[in-house]
Structures are given as structure tokens and as C-alpha cells.
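Enquirer: Add 177 to the 1-based position in the first sequence for the working numbering, that's all there is to it.
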Amino acid sequence: MSNPSHQYRSSFLGLLAERGQLQDCTDAGGLDARLQKEHVTGYIGFDCTAPSLHIGSLSQIMILRRLQQSGHRPIVVMGGGTTKVGDPSGKDDMRSLLTNEQIEANKQSIRKCFERFLTFGDGPSDAIMVDNADWLDKLEYIPFLRDVGRHFSVNRMLTMDSVKLRLERDQPLSFLEFNYMILQAYDFVELFRRYGCTLQLGGSDQWGNIVNGIDLGRRVAEAELFGVTSPLITTASGAKMGKTAKGAVWLNADMLSPYDYWQFWRNVEDADVGRFLRLFTELPEAEITRLENLGGAERNEAKKILANETTRMLHGDAAANDAAETARRTFEEGGIAEGLPTFEIERARLSEGLPLTTLAQLSGLTASSGEARRFIQGGGLRVNDEAVSDVKAAVSLADLTAEGVIKLSVGRKKHVLVKPV
RNA sequence: GGGGGAGUGUCCCGAGCGGCAAAGGGGGCGGACUGUAAAUCCGCUGGCUUCGCCUUCGUAGGUUCGAGUCCUACCUCCCCCA
């Protein structure tokens, strides 16, 4: 249920609604009033299951940013504690357990990217970052059960989607994971006590966890807490956001280059452009309306703007400009742009002549020489923009272009420059 | 504790009388068509020094000329009984 923005008086809820990031809300009227009259502290928790967040989390990050822009205080909660337990929501099978060392390393790696989206500090609307391991690790089992566990009915826990879906599909659910919702609920209460946090935000799959936290807060702390969820973001064709052939679309530059990040946004489906501009940029509504109504090939202009804006926000102006320029030269001029991935090889090896399949594999263009062979057979591999048909073709210094490199390509979009050294 | 069932190509789902690099989907990638889009059609979707060799079907052994397929033990999960 998407609510028209005019229903809300507070700038924050109005903004979320306008941007398509409002799915559900507990006591919308009460929260709306609260947001108008005081600084509200709100949080979102992030798992530490990987060394980087990916764009599946980007909508959540944008929500925290919008919370801050609306004058409120965001808390980024790193799930250093809850990741040790594993959230069963939306997953069919049990995740393999990460070691404490892995979780800690992931946490350190993830935290950096928030600085690009939020302003941290000590002011009333400055963001703070905390790790729920700070309090979860120290819990004592029996006292915790008596203080918190008694407020949870197993009967009701079994009806929560995260649990119910597993059971219905005969998928295993360990007792460890079963506890996740209790810990997340407890997080909310702990954040209320420590920071006066009264709002939890999250994806729609977190609704149950959020409501549990609100209930628990009322029971153990007489707190009036609120919850807001945002829609699960999918592409127009229904796929989950962010999976590509190479894997997830990571936010950390060392996991996915700014150029590839830019390309991801440049290549979204037509039908997604307007929605993504609203979700992932801060362009004004009027401009987005104009862009999404561009027809035919002009739609590409809207995609470039989407790519520029999203890349700029994550990686900065310089990286976004570089990516755009590299793309322009590669695709619009069909030329050779320095921004493309470059592979260096000893001049001597090249002078002897090297099988193309080997070079494609070495340079990382293809995963194996066998894959390179298949691409050649399928007419998908090019040297200096010319298709190669001979599986046994060799490459040598004679293939250097005027720029002194050899451009290898697979498909329209994947290129590597081979440079002799 | 007892009985029954399941684990297949490291993207997923899923067939598989002892001859299997292993059916079929989905997804992905490449080609054609386009606008670096969608839809459609075609092809590919273990590795290598490729007329051949090597590694794969939960783990470890065994039977066999030959095992994903049979036997034994173990691990994990599901269901039923206690």
C-alpha cells in the first residue's frame, strides 16, 4: 500500500512516500505527529555476512540519509552480534556459520561506505554507528530468558513468516536462528534505553521483527516505539535487485569498480528508470517525471543521469565523471578509453605470439581459456573490435593499435586493454 | 532410541535399468535485431598443453573391466513411532 505523500504532515514520511519507500507504518498518525514536534532517533540494522553491502541495502541506506535530511538522527546498527545467530527471514536454508573473525572483518569493511551517505558526529541530527555485539555478547542466558524470553509466546513466534515459511517448506530451522527475532526485538529496546531511539526502519521482510521490538519495548520499558518498512526492491521483470553474472552489485569499490557500478545503473531496464531515480537519487520530482517520460532512445539520457547520480553519491564526483567518460568513449565513439580495465603483459611474451584463448584467460576477460574458445566459436570475442573466428588465433605485437595496446572484448560491454611492458 | 526418506554439474530447481562430462528447466552469458533497454529467434553454460588428457554426483572405504547408480560406515536434513 503506497500512501500519497499529502497524507503526511511530517517531511520525513512525506518524503518516503513520494520516493516510493514507504510500505507500512505502525501508528502512522502518531509517528507523523511525533516527527513534526521533535527530533526522532531511528535505526536500521545491517548484517555483517559479507565484506561489503550491496545495492540490496541501498534503499535502506537512502532511508537513513533521508531521515537525517529531515532533521532527525539516524543510527546505523552493525549486526556484529545478530550475525552470529543468522536471520532466517526470507532464506530457505540455514546459512553456514561465520567465525567471529570473519564477522569482525566484514564489519570493518562495511562501515566505511556509510560515511558517504551520512554525516556522523555529536550534533542532534548527526548519525552514530553502534554494534549490537556491544550488548548481545554480554547477555547472561538465564537472566535474559527471565527478563525478555517470558514476553515471547512460542505459539506466536511459530506464526511469524520468517519461521512459518521455513516450517511449511520442510526446511530446517535451528534453535539458534529461531532466537534471531528475540535478539532483534531486544536491540530495539536497548537502543531506546541507550540513545532514546524510538523508530526502527527496515525492509518489508523485517516487519515481524520490528513489531516484536515495539511490543517488547512497551512491555519492559513502557516505551512508545514506532516502525516503518519499505518495499522490497525488485526489477521490473521481478528479479531481486543486484545480482549479476559476476555476483552481487557491491558498494565497496574494492569489490566492484566505480566503472562497473556506473554500468550497472546505465543498463537497467527502461521500465525501472523512473522508480530507481526516485529511490536512489535526490533529483526533484519534476525532473524525474520529465526523465521517465522520455521516449525511445532518449531514455538513454535518463539512464546516464541515473548512473551519474548514483555513482556520484557512492564514489564521489571524480569517479562518476571518469566512469561516464570511459563509457562515452567506449560506447559512443567505439574507441579505446583508458578507464577500461587494463592488463599488463611482458613485451617478450607478446612478441612470441600468444594464443588468443590464453591471453583472454590471463587478462581476466574470460574465466578460462575454454570459455574464450566457446566465445570465439559463438562469434562473441573481438580483438580491436574485429570478431575472431579461428579458435587457434594468436595475438602478437603486430596487433598493437596506434595507442600501443590491444583491446579485447567479449560482447558489447566487456572490454580489457592489454598493454605490453 | 526404533522405522522410513533425502543429499546430483559450487547459481538454483531437477531427471538419472552399472558404460555418464551426466536429460530437462530457470537464471546467466554470447550472436542476430535494437537504444549499452525490453520482447523475439539462435547458440553456449566442468578444466586443460583439446583429434587426447584430467576433475566432478554429501564424506570415507569396498564390490566390479567399469559406480552418480550396488555394498559398508560416517555426516547433514526431513517424516513417522517411542
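All C-beta atoms, glycine included, are put in the ideal place defined by N, C-alpha and C. Predicted, not measured: the structure shown is a model, and the values here were computed from it.
For Arg-514, does the three-state DSSP call read helix, strand or coil?
Expert: Sequence index remark: in the first sequence, residue 514 carries index 337 (1-based). The amino acid occupying residue 514 in the given sequence is Ala; Arg does not appear at that position. Ala-514 falls in the coil class under three-state DSSP.
Enquirer: Along the chain, which unbroken stretches of the alpha helix (DSSP H) at least 4 residues long are found entirely within the segment 348-389?
Expert: Complete alpha helix (DSSP H) runs here, min 4: 352-355 and 357-372.
Enquirer: Per DSSP, what are the beta-bridge partners of Phe-297 in this structure?
Expert: Indexing the first sequence from 1 puts residue 297 at position 120. DSSP output for Phe-297 lists Ala-304 as bridge partner(s).
Enquirer: Is the segment 232-241 in contact with the segment 202-212, if contact means three or more CB pairs nearer than 8 Å?
Expert: The segment 232-241, when compared against the segment 202-212, does not touch it at the 8 Å Cβ threshold.
Enquirer: With C-beta atoms as the reference, is Leu-230 less than 8 Å away from Ile-305?
Expert: Within the first sequence, numbered from 1, the residue matching residue 230 stands at position 53. Within the first sequence, numbered from 1, the residue matching residue 305 stands at position 128. No.
Enquirer: In whole angstroms, what separates the C-alpha of Arg-293 from that of Thr-487?
Expert: In the first sequence, residue 293 corresponds to position 116, counting from 1. In the first sequence, residue 487 corresponds to position 310, counting from 1. Those two C-alpha atoms are separated by around 12 Å.
Enquirer: The beta strand (DSSP E) spanning Glu-502 covers which residue range?
Expert: For the purposes of this step, residue 502 is identified with residue 325 of the first sequence, where counting begins at 1. Taken as a continuous stretch (DSSP letters only), Glu-502 belongs to no beta strand (DSSP E), being part of the alpha helix (DSSP H) at 494-504.
Enquirer: Would you give the residue range spanned by the beta strand (DSSP E) that Lys-596 belongs to?
Expert: Taking the first residue of the first sequence as 1, we reach residue 596 at position 419. Run containing Lys-596: 591-597, per the beta strand (DSSP E) assignment.
Enquirer: DSSP on Ala-227, reduced to helix/strand/coil?
Expert: Looking up residue 227 in the first sequence gives position 50. If DSSP states are grouped into helix, strand and coil, Ala-227 belongs with coil.
Enquirer: Are Val-598 and Leu-542 closer than 8 Å when you measure CB to CB?
Expert: Walking along the first sequence from the start, residue 598 turns up at place 421. Walking along the first sequence from the start, residue 542 turns up at place 365. Contact flag unset, no.
Enquirer: Quick one: give me the first and last residue of the alpha helix (DSSP H) that Pro-320 is part of.
Expert: Within the first sequence, numbered from 1, the residue matching residue 320 stands at position 143. From DSSP, the alpha helix (DSSP H) with Pro-320 extends over 318-324.
Enquirer: Can you name the start and end residues of the beta strand (DSSP E) that Glu-521 belongs to?
Expert: Within the first sequence, numbered from 1, the residue matching residue 521 stands at position 344. It spans 519-522 - the beta strand (DSSP E) in which Glu-521 sits, taken as one unbroken run.
Enquirer: Who pairs with Met-255 in a beta bridge, going by DSSP?
Expert: In the first sequence, counting from the first residue as 1, residue 255 sits at position 78. Beta-bridge pairing links Met-255 to Phe-223 and Asp-308.
Enquirer: Taking Cβ positions, are Gly-197 and Leu-491 nearer each other than 8 Å?
Expert: Reading the first sequence from its first residue, position 20 is the one you call residue 197. Reading the first sequence from its first residue, position 314 is the one you call residue 491. Not closer than 8 Å, so no.
Enquirer: Can you find the residues in the same chain that come closer than 6 Å, C-beta to C-beta, to Leu-193, ignoring five residues on each side of it along the sequence?
Expert: The residue labelled residue 193 in the question sits at position 16 within the first sequence. Contacts found: Leu-199.
Enquirer: Since Arg-550 sits in a beta bridge, which residues does DSSP pair it with?
Expert: Taking the first residue of the first sequence as position 1, residue 550 is located at position 373. DSSP output for Arg-550 lists no bridge partner at all.
Enquirer: Using the DSSP secondary-structure output, state which residues sit across from Val-560 in a beta bridge.
Expert: Start at 1 with the first residue of the first sequence, and residue 560 comes out as number 383. Per DSSP, Glu-563 and Leu-585.
Enquirer: How is the beta strand (DSSP E) around Gly-630 delimited, first residue to last?
Expert: Shown here, the chain extends from 178 to 598; a query on residue 630 therefore has no answer.
Enquirer: Are the Cβ atoms of Phe-329 and Ile-359 separated by less than 8 Å?
Expert: The residue given as residue 329 occupies position 152 in the first sequence. The residue given as residue 359 occupies position 182 in the first sequence. Yes, Cβ-Cβ distance for Phe-329 and Ile-359 is below 8 Å.
Enquirer: Buried or exposed: Asp-562, going by 16 or more other Cβ atoms within 10 Å of its Cβ?
Expert: Walking along the first sequence from the start, residue 562 turns up at place 385. Classification for Asp-562: exposed.
Enquirer: Express the C-alpha separation of Arg-550 and Met-239 in angstroms, rounding to a whole number.
Expert: In the first sequence, counting from the first residue as 1, residue 239 sits at position 62. In the first sequence, counting from the first residue as 1, residue 550 sits at position 373. Cα to Cα, the separation comes out at about 43 Å.
Enquirer: Below 8 Å between beta carbons: does that hold for Leu-295 and Arg-242?
Expert: Walking along the first sequence from the start, residue 295 turns up at place 118. Walking along the first sequence from the start, residue 242 turns up at place 65. In this structure, Arg-242 lies closer than 8 Å to Leu-295 by Cβ.
Enquirer: Gln-245 lies in the alpha helix (DSSP H); which residues open and close that run?
Expert: Numbered from 1 along the first sequence, position 68 holds the residue referred to as residue 245. Element bounds for Gln-245: 235-246.
Enquirer: Is Ile-482 near the ligand SAM - that is, is its Cβ less than 7 Å away from at least one heavy atom of it?
Expert: Here there are no bound small molecules, and the ligand SAM is not part of this structure.
Enquirer: Helix, strand or coil, according to DSSP, for Val-217 in the structure here?
Expert: Within the first sequence, residue 217 is the residue found at index 40, counting from 1. Reduced to three states, the DSSP call for Val-217 is coil.
Enquirer: Since Val-262 and Ile-221 should fall inside the 8 Å C-beta cutoff, what is the C-beta to C-beta distance between them, to a whole number of angstroms?
Expert: Here residue 262 refers to the residue found at position 85 of the first sequence. Here residue 221 refers to the residue found at position 44 of the first sequence. That belief does not hold up - the Cβ atoms of Val-262 and Ile-221 are roughly 18 Å apart, past 8 Å.
Enquirer: Please classify Arg-211: does DSSP put it in a helix, a strand, or coil?
Expert: Counting from 1 along the first sequence, the entry for residue 211 is found at position 34. Here Arg-211 sits in helix by DSSP.
Enquirer: With a threshold of 7 Å on Cβ separation, who are the neighbours of Val-595 within its own chain once the five nearest residues in sequence on each side are excluded?
Expert: As a position in the first sequence, residue 595 is number 418, starting the count at 1. So the list reads Phe-520, Ile-522, Leu-536, Ser-540, Val-582, Ile-583 and Leu-585, once near-sequence residues are dropped.
Enquirer: Relative to the alpha-carbon of Pro-532, which residue among Met-255, Glu-510, Val-560 and Thr-507 has its alpha-carbon at the smallest distance?
Expert: Translated into positions along the first sequence, residue 532 becomes position 355. Comparing Cα positions, the closest option is Val-560.
Enquirer: Is Pro-435 helix, strand or coil when you go by DSSP?
Expert: The residue given as residue 435 occupies position 258 in the first sequence. Pro-435: helix per DSSP, three-state reduction.
Enquirer: Taking C-beta to C-beta, are Ala-500 and Gly-516 nearer than 8 Å?
Expert: For the purposes of this step, residue 500 is identified with residue 323 of the first sequence, where counting begins at 1. For the purposes of this step, residue 516 is identified with residue 339 of the first sequence, where counting begins at 1. It is a contact, given that the beta carbons lie within the stated cut-off.
Enquirer: Please name the residue or residues paired with Cys-130 in a DSSP beta bridge.
Expert: Within the shown structure, residues of the chain are numbered from 178 to 598, placing residue 130 beyond reach of any answer.
Enquirer: For Phe-365 and Ala-463, I'd like the C-alpha separation in whole angstroms.
Expert: Locating residue 365 in the first sequence gives position 188, where the first residue counts as 1. Locating residue 463 in the first sequence gives position 286, where the first residue counts as 1. C-alpha separation (whole angstroms): 37 Å.
Enquirer: Could you pull the start and end residues of the alpha helix (DSSP H) that Ala-537 belongs to?
Expert: Within the first sequence, residue 537 is the residue found at index 360, counting from 1. Unbroken alpha helix (DSSP H) run through Ala-537: 533-539.
Enquirer: Taking the alpha helix (DSSP H) that Asp-576 falls in, what are its first and last residues?
Expert: Position 399 of the first sequence, counting from 1, holds the residue named residue 576. From DSSP, Asp-576 is part of no alpha helix (DSSP H); its letter is neither H nor E.
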